[in-house]
Amino acid sequence: MRLELTNVRQSFGEQNLFVIDQLQLISGSAVHLHGPNGAGKSTLMKIMAGLQKPTAGQVKRVADVGETSLQQAVIYLHQNPYLFDTNVRKNVEYGLRLQGRKDAKKVDQVLQWAGLDHLQHRQAHLLSGGERQRLALARALVLDPALILLDEPTSNLDAGSLERIEQMLRDLYQRGTGFLLSCHQDNALTKLCNQHWRLADGSLSGLD
Amino acid sequence: MRLELTNVRQSFGEQNLFVIDQLQLISGSAVHLHGPNGAGKSTLMKIMAGLQKPTAGQVKRVADVGETSLQQAVIYLHQNPYLFDTNVRKNVEYGLRLQGRKDAKKVDQVLQWAGLDHLQHRQAHLLSGGERQRLALARALVLDPALILLDEPTSNLDAGSLERIEQMLRDLYQRGTGFLLSCHQDNALTKLCNQHWRLADGSLSGLD
Amino acid sequence: MNELWHTFSSAIAQLASGDPMLWGIVGVSFSVSASALFIALLPALSVGFVLAYFRFPGRWAVISLLNSLLAVPTVVVGLVLYMLLSRAGPLGDLNLLFTRPAMIVGQILLCFPLLVAMSLSAFQAADHRVLETAKTLGANPWQAFVTLLFEVRFALLAAVVTAFGRIIAEVGSAMMVGGNILHHTRNITTAIALETGKGEFVQGVALGIVLLTLALVLNVSLGWMQSHSRVLRHGT
Amino acid sequence: MNELWHTFSSAIAQLASGDPMLWGIVGVSFSVSASALFIALLPALSVGFVLAYFRFPGRWAVISLLNSLLAVPTVVVGLVLYMLLSRAGPLGDLNLLFTRPAMIVGQILLCFPLLVAMSLSAFQAADHRVLETAKTLGANPWQAFVTLLFEVRFALLAAVVTAFGRIIAEVGSAMMVGGNILHHTRNITTAIALETGKGEFVQGVALGIVLLTLALVLNVSLGWMQSHSRVLRHGT
Amino acid sequence: RIATTTSTYNSGLLDHLLSAYGETHDLEVQVISVGTGKALRMAQNGDVDLVMTHAPVAEAAFMDQGFGIEARSVMYNDFILVGPKADPAKVHGTHTVTEGLQRIAAFNSKFISRGDDSGTHKKELQLWQHLGASPTFSGYLESGRGMGHSLQMASELGAYTMTDRGTWLALKQKLNLQLVLESDPRLLNPYQVMLVNPARHSHVKVNEAREFAQWLINSEGQAAIGSFRINGEALFLPSAE
Ligand SMILES: Nc1ncnc2c1ncn2[C@@H]1O[C@H](COP(=O)(O)OP(=O)(O)OP(=O)(O)O)[C@@H](O)[C@H]1O
Ligand SMILES: Nc1ncnc2c1ncn2[C@@H]1O[C@H](COP(=O)(O)OP(=O)(O)OP(=O)(O)O)[C@@H](O)[C@H]1O
Ligand SMILES: [Mg+2]
Ligand SMILES: [Mg+2]
Numbered sequence: 001m002r003l004e005l006t007n008v009r010q011s012f013g014e015q016n017l018f019v020i021d022q023l024q025l026i027s028g029s030a031v032h033l034h035g036p037n038g039a040g041k042s043t044l045m046k047i048m049a050g051l052q053k054p055t056a057g058q059v060k061r062v063a064d065v066g067e068t069s070l071q072q073a074v075i076y077l078h079q080n081p082y083l084f085d086t087n088v089r090k091n092v093e094y095g096l097r098l099q100g101r102k103d104a105k106k107v108d109q110v111l112q113w114a115g116l117d118h119l120q121h122r123q124a125h126l127l128s129g130g131e132r133q134r135l136a137l138a139r140a141l142v143l144d145p146a147l148i149l150l151d152e153p154t155s156n157l158d159a160g161s162l163e164r165i166e167q168m169l170r171d172l173y174q175r176g177t178g179f180l181l182s183c184h185q186d187n188a189l190t191k192l193c194n195q196h197w198r199l200a201d202g203s204l205s206g207l208d
Numbered sequence: 001m002r003l004e005l006t007n008v009r010q011s012f013g014e015q016n017l018f019v020i021d022q023l024q025l026i027s028g029s030a031v032h033l034h035g036p037n038g039a040g041k042s043t044l045m046k047i048m049a050g051l052q053k054p055t056a057g058q059v060k061r062v063a064d065v066g067e068t069s070l071q072q073a074v075i076y077l078h079q080n081p082y083l084f085d086t087n088v089r090k091n092v093e094y095g096l097r098l099q100g101r102k103d104a105k106k107v108d109q110v111l112q113w114a115g116l117d118h119l120q121h122r123q124a125h126l127l128s129g130g131e132r133q134r135l136a137l138a139r140a141l142v143l144d145p146a147l148i149l150l151d152e153p154t155s156n157l158d159a160g161s162l163e164r165i166e167q168m169l170r171d172l173y174q175r176g177t178g179f180l181l182s183c184h185q186d187n188a189l190t191k192l193c194n195q196h197w198r199l200a201d202g203s204l205s206g207l208d
Numbered sequence: 001m002n003e004l005w006h007t008f009s010s011a012i013a014q015l016a017s018g019d020p021m022l023w024g025i026v027g028v029s030f031s032v033s034a035s036a037l038f039i040a041l042l043p044a045l046s047v048g049f050v051l052a053y054f055r056f057p058g059r060w061a062v063i064s065l066l067n068s069l070l071a072v073p074t075v076v077v078g079l080v081l082y083m084l085l086s087r088a089g090p091l092g093d094l095n096l097l098f099t100r101p102a103m104i105v106g107q108i109l110l111c112f113p114l115l116v117a118m119s120l121s122a123f124q125a126a127d128h129r130v131l132e133t134a135k136t137l138g139a140n141p142w143q144a145f146v147t148l149l150f151e152v153r154f155a156l157l158a159a160v161v162t163a164f165g166r167i168i169a170e171v172g173s174a175m176m177v178g179g180n181i182l183h184h185t186r187n188i189t190t191a192i193a194l195e196t197g198k199g200e201f202v203q204g205v206a207l208g209i210v211l212l213t214l215a216l217v218l219n220v221s222l223g224w225m226q227s228h229s230r231v232l233r234h235g236t
Numbered sequence: 001m002n003e004l005w006h007t008f009s010s011a012i013a014q015l016a017s018g019d020p021m022l023w024g025i026v027g028v029s030f031s032v033s034a035s036a037l038f039i040a041l042l043p044a045l046s047v048g049f050v051l052a053y054f055r056f057p058g059r060w061a062v063i064s065l066l067n068s069l070l071a072v073p074t075v076v077v078g079l080v081l082y083m084l085l086s087r088a089g090p091l092g093d094l095n096l097l098f099t100r101p102a103m104i105v106g107q108i109l110l111c112f113p114l115l116v117a118m119s120l121s122a123f124q125a126a127d128h129r130v131l132e133t134a135k136t137l138g139a140n141p142w143q144a145f146v147t148l149l150f151e152v153r154f155a156l157l158a159a160v161v162t163a164f165g166r167i168i169a170e171v172g173s174a175m176m177v178g179g180n181i182l183h184h185t186r187n188i189t190t191a192i193a194l195e196t197g198k199g200e201f202v203q204g205v206a207l208g209i210v211l212l213t214l215a216l217v218l219n220v221s222l223g224w225m226q227s228h229s230r231v232l233r234h235g236t
Numbered sequence: 001r002i003a004t005t006t007s008t009y010n011s012g013l014l015d016h017l018l019s020a021y022g023e024t025h026d027l028e029v030q031v032i033s034v035g036t037g038k039a040l041r042m043a044q045n046g047d048v049d050l051v052m053t054h055a056p057v058a059e060a061a062f063m064d065q066g067f068g069i070e071a072r073s074v075m076y077n078d079f080i081l082v083g084p085k086a087d088p089a090k091v092h093g094t095h096t097v098t099e100g101l102q103r104i105a106a107f108n109s110k111f112i113s114r115g116d117d118s119g120t121h122k123k124e125l126q127l128w129q130h131l132g133a134s135p136t137f138s139g140y141l142e143s144g145r146g147m148g149h150s151l152q153m154a155s156e157l158g159a160y161t162m163t164d165r166g167t168w169l170a171l172k173q174k175l176n177l178q179l180v181l182e183s184d185p186r187l188l189n190p191y192q193v194m195l196v197n198p199a200r201h202s203h204v205k206v207n208e209a210r211e212f213a214q215w216l217i218n219s220e221g222q223a224a225i226g227s228f229r230i231n232g233e234a235l236f237l238p239s240a241e
């Protein structure tokens, strides 16, 4: 799958946030997006995920041959994830249920990956900061997205969690999932990336 | 000022989170608190700030000679701060207003410190992740607290913001304010600290 | 005091005797109000949702109008409906006046703005990330809406309970378009109006007690559900 | 159709003529309902707050009871109050029956449970960090409460508007304890009940229009405030 | 469907009549009890088939405009003046209603007027008119409510009021009032039934309505009216020729 942005511009009122002439994100790539606070990283990622319409310009998803169900191809993870007001397991099952599936084995597996299996029946709003992040990731990964956009996913993670997530992303990467992650500090995850984009002063640099 | 914890125990239902026999935090010290996700760092900090009663044990604030207004002596900063639904400046003024003060010069100064002066009339809920963190810090610092408990304050900050906050905390430290910060990654802020506590497996280690 | 006490105890006695006419009246009230609520619910929630999440010109005019309709007495709503349904009115041929369907229509008109207003405020209070999270995990617009309903279910429950209270307790429209015909359209409130007019306070109080009790049963079960599904955690 | 149209246009004409009796009636409605709301507001918000933030045994019994009271017809509330205030009742010596203070008391009883229920749901929907943030920045309990009120102001506004709608539109209790005495306790709704009882639909519609218009003015200004103080940002 | 005044329904007369009627007829009669004004209005709109009211002037207008047909007098009862037991205006002992009302006005006693355009209210206004003045003394209160409520209000406030005998007998025991004046010929109160004119509203069930109306004025119905008692007292006197 390929995500294509053409002549995208975002502004709020008078203020121009950024202008991007041309941008491609291919599933299978691993990109690190960085830039100062307020540069528009979160905004850009939400535009790419189709959650927000840019002030001007197009965002297109181009499927590869044989690909189906474009819908859940691109998942955005909030900087500070929203968890549904139910237990941990049901949060993970959410996306599958929407499709009428209830792949118990897969859910078990992802819960274990995320180190949340012992908490699966706890109400989600009781989780600690790091547990919330891992749950949000697990909830996305269970859907095998083509592209995943992570907004500062590491900010609340301890070393152990970080390693676990690194392993999860590495697995996905090998299976061909692409990811874009915004992150202020360099860490194991950013080292996984083979591209480093920088959003600052209204434009994006570091593209190939 | 001194914060004293005696025989503090926290549990949720059956599960014991942590037990701490004795703990002192003196204004003027700089402590880094770390430990795995879910160990109870946030819970401990909220107990210390008096926002939550532990399952058992006492938390006492002991004033030094000549100190007044113990109330706002200890401020806790949420991992993911809540901003009042008004503009940036009013958020900073909040604590002062409660005391009937409206120290415009000080507010200006803190806004500048935090690099938010150009955003002071923006509604707080429009801010980006890093801007939110800085605003929450500014809102606390304007009160000159004796102790400030920061729950992962750096997670959403870019290098520039981090430096700015480091500078702010350094200033405060020199003026005798103590701080305790929880943080998963080592960075400029944790390097400021002269104590490193570790909360893991239900107990605290690394105390002097 | 004596008189007050006497009225209450006679009311209880009358209820205990299980008067079939009295329970028939209770049945009319419930079937009419439950039907009205059932029919109004989904459209009202949808309107509340649209008003909460879409900006369009005239949006706040619509909100203001709906809120204002709450201040229109039930009897005026009944009056306008009466004039519409009357033989002399434009819908006279439907032959609906003084029937239960007419009462249901009246009560739909009464609970609709309330349901919209309360669901709108529930949706506005909801976290903006709910819909985004649902969508990004593959929900279609309908599924995203259902997810949102689930997330704000306690506020919606409060809305439904309040709306039900409003219509089951209203008398103006039921009297106007129902006509208070025994065995047909006489419900709890029109019966009370009739009995107090006769100076028969006992019946009025008895029927009031029925309403209160049934509402209590409903609310206690809802409240129980709610309090058992919620564990408090403070923010971090 | 003709009849309906004719009723409306005559109603408008009657209003335009500025009949002093009519506007006196409007005045009674507003002074009574505004007083009731004003008196009930703070106590109701406080109860809503306590129910939202403190766990105590019997808490949900209280919530259920308050919700249930919403389903008790206004005429029953009026009836009970009538029996209390009547000569033969325990409070007969106060000589309050058929006066405006009695109407105010009745309407307080009517809006109190609604205000509690709606503010409770507003407080429950509020972010748990609000109170913690306020406290840690030095707010005393009262200041923290005020901060919370501010943060949920839109939901509270909706509660106030709904409650005002409920009491200004109610007729049961106003009729029962006020008595609909011309120049004394006749308000909009009891006047409407009287006029429609006479078959004088024009006056009924005219007074209904007054209520709707005044409610519109109130709501439009509130809605305007609200829509201009809110800019949408989605979560990050 | 019959629309009738609250006085006939609330006193229980109509239930009494319907059960007598039901013994020999297989026809369901639905009763809608409202004020006289509204009852006539409903008939005018064709929302009911039959009306029974007691307001001669309004009824005449209703017939003249062709809304109704076959107006028949059915029965009558009478009005009385009641007042507080202490009788501050000393109405008790006067013989004509004009004199009684004059005393009430002169003493500025409280007087509850229904003020609702009902047959009773119209009658009362007529009587005041006879006195040559509209009632403007400060004790004159317009309750704007039905007879039962107005009586209760009079009892609570220690006021005089004019009522039909039926309602008075039904409520008497609960009231802190006494009868102060009766049997002035001016106080008679005749009831009529009228069918809604099928020429105006073709859908009305004129045959069924006529059947019931006929029953009311034949000997069976008249006997049923005469036999209706509250606490042993007759309320309505049959009056069909
Ligand atoms: N609806 C809006 N109206 C006005 N300004 C907005 C709106 N949404 C975002 N902004 C502003 O746009 C800028 C970019 O926000 P964004 O969240 O994309 O930044 P970011 O690069 O993710 O920053 P951070 O690293 O701090 O998370 C911020 O200054 C923010 O205040
Ligand atoms: N009210 C509660 N009821 C039950 N469990 C709770 C409650 N509050 C917190 N917990 C649990 O206690 C544990 C500690 O939570 P806390 O937020 O203090 O962890 P933390 O050390 O701050 O973690 P992190 O680094 O991920 O932020 C978590 O497992 C959490 O689920
Ligand atoms: Mg961001
Ligand atoms: Mg934490």
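Heads up: the protein sequence lines correspond to chains A, B, C, D and E, in order.
Just so we're aligned: 48 in our numbering is position 48 of the first sequence, and the numbers increase by one with no gaps anywhere.
Just so we're aligned: 91 in our numbering is position 91 of the second sequence, and the numbers increase by one with no gaps anywhere.
Just so we're aligned: 65 in our numbering is position 65 of the third sequence, and the numbers increase by one with no gaps anywhere.
Just so we're aligned: 148 in our numbering is position 148 of the fourth sequence, and the numbers increase by one with no gaps anywhere.
Just so we're aligned: 161 in our numbering is position 161 of the fifth sequence, and the numbers increase by one with no gaps anywhere.
All C-beta atoms in this analysis are idealised placements derived from N, C-alpha and C, irrespective of residue type, glycine included.
Taking the CB atoms as reference points, tell me whether residue i and residue j lie closer together than 8 angstroms.
{"i": "B/L77", "j": "B/M48", "result": "no"}
{"i": "E/P88", "j": "E/F107", "result": "yes"}
{"i": "E/S11", "j": "E/A170", "result": "yes"}
{"i": "A/R134", "j": "A/G115", "result": "yes"}
{"i": "B/S29", "j": "B/Q195", "result": "yes"}
{"i": "B/L3", "j": "B/V74", "result": "yes"}
{"i": "A/V8", "j": "A/V59", "result": "yes"}
{"i": "D/V171", "j": "D/A193", "result": "yes"}
Return the bridge partner residues of residue i from the DSSP annotation.
{"i": "B/Q210", "result": "Because chain B here runs from 1 to 208, residue 210 of chain B falls outside it and cannot be looked at."}
{"i": "A/W197", "result": "A/L33"}
{"i": "B/A56", "result": "B/R9"}
{"i": "B/D151", "result": "B/S182"}
Checklist line | At least 3 beta-carbon pairs within less than 8 angstroms: the stretch 171-183 of chain A vs the stretch 144-159 of chain A | finding: With the cut-off at 8 angstroms, the stretch 171-183 of chain A and the stretch 144-159 of chain A touch.
Check: Going along the chain, which residues of the stretch 128-141 of chain B sit with their C-beta nearer than 7 angstroms to a C-beta in chain A?
Finding: So the list reads S128, G129, G130 and E131, given in the order they occur along the chain.
Note to self: Short of 8 angstroms Cβ to Cβ, which residues in the stretch 161-191 of chain B face chain D?
What the structure shows: So nothing in the stretch comes that close.
Note to self: Any contact between the stretch 70-85 of chain C and the stretch 6-18 of chain C? By contact I mean 3 or more CB pairs, one from each, below 8 angstroms.
What the structure shows: No, they do not touch.
Note to self: Within 8 angstroms, do at least three Cβ pairs link the stretch 177-195 of chain D to the stretch 48-64 of chain C?
What the structure shows: Contact check between the stretch 48-64 of chain C and the stretch 177-195 of chain D: fewer than three CB pairs, one atom from each, fall below 8 angstroms, which does not count as touching.
Margin query: Does the structure place the stretch 13-29 of chain A close enough to the stretch 109-126 of chain C that three or more beta carbon pairs sit under 8 angstroms?
Written below: Inter-segment contact for the stretch 109-126 of chain C and the stretch 13-29 of chain A is absent: fewer than three beta-carbon pairs are separated by less than 8 angstroms.
Check: Should the stretch 121-134 of chain E be regarded as contacting the stretch 194-202 of chain E, the criterion being three or more beta carbon pairs within less than 8 angstroms?
Finding: Result no; under three Cβ-Cβ pairs closer than 8 angstroms.
Next item on the list: Could you say if the stretch 61-69 of chain E and the stretch 140-154 of chain E meet the contact criterion of at least three C-beta pairs nearer than 8 angstroms?
Entry: Output reads no: the stretch 140-154 of chain E does not touch the stretch 61-69 of chain E.
Margin query: Taking 8 angstroms as the cut-off, does the stretch 94-105 of chain E touch the stretch 131-145 of chain E (at least 3 CB pairs, one atom from each stretch)?
Written below: The stretch 131-145 of chain E, when compared against the stretch 94-105 of chain E, does touch it at the 8 angstroms Cβ threshold.
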